[in-house]
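Structure, as structure tokens:
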Amino acid sequence: SKLNWGVSIFHAYAHSVKCQLKYHPRIQEGIGLTDGESLERIWSYLGKFVSNTKHMRPAHRLDILSIAIQHISQRMISDLGNFIYKLFVLIIIFNYIKLILLLK
């Protein structure tokens with residue numbers, strides 16, 4: 001299978017038009033409506049633990065970070081239904097707008 005490269009939706013606008021046309025997630029086929037910021041959200045969440053764990057022993061620090069990752073994973077799983085519902089609504093709105101533009 002072929003791997004397609006892309007940049008996150010907010011980062012894409014910092015690139016040239018030529019680069020945006022090639023790597024922008026809204027242009028890439030198969031990406032859908034994702035914003036590509038999932039890892040940034042995880043890093044942001046884990047950033048809170050950096051100052052609190054920097055003086056811990058490595059094994060203890062890894063334990064804390066593992067628990068934090070398990071927590072955010074569980075939170076994401078429990079929010080999955082709501083996330084899918086919001087995406088479904090966005091898709092309906094997006095397709096409705098496309099239809100209106102085609103009918104003009």
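Residue numbers (full-length UniProt numbering): 1 to 104.
C-beta atoms are modelled at their ideal positions from N, C-alpha and C, and glycine is treated no differently.
Model, not experiment: these values are computed from the prediction.
Shortest alpha-carbon distance to residue i belongs to which of the options?
i	options	result
P25	G6, D63 and H15	G6
S38	S73, N52, V89 and V50	S73
L90	C19, G32 and N4	G32
H11	L101, G36 and K18	G36
Where does residue i fall in DSSP's three states?
i	result
K18	helix
I27	coil
S8	coil
D35	coil
M56	coil
L62	helix
Cα separation between residue i and residue j?
i	j	result
L65	I84	27 Å
L21	D63	43 Å
L3	T53	36 Å
M76	K18	35 Å
Y13	I92	25 Å
N82	Y96	21 Å
T34	F49	27 Å
What are the start and end residues of the alpha helix (DSSP H) that includes residue i?
i	result
W43	S38 to T53
G81	L80 to L103
Segment contact flag, the stretch 68-75 with the stretch 38-51, C-beta cutoff 8 Å, min 3 pairs: yes
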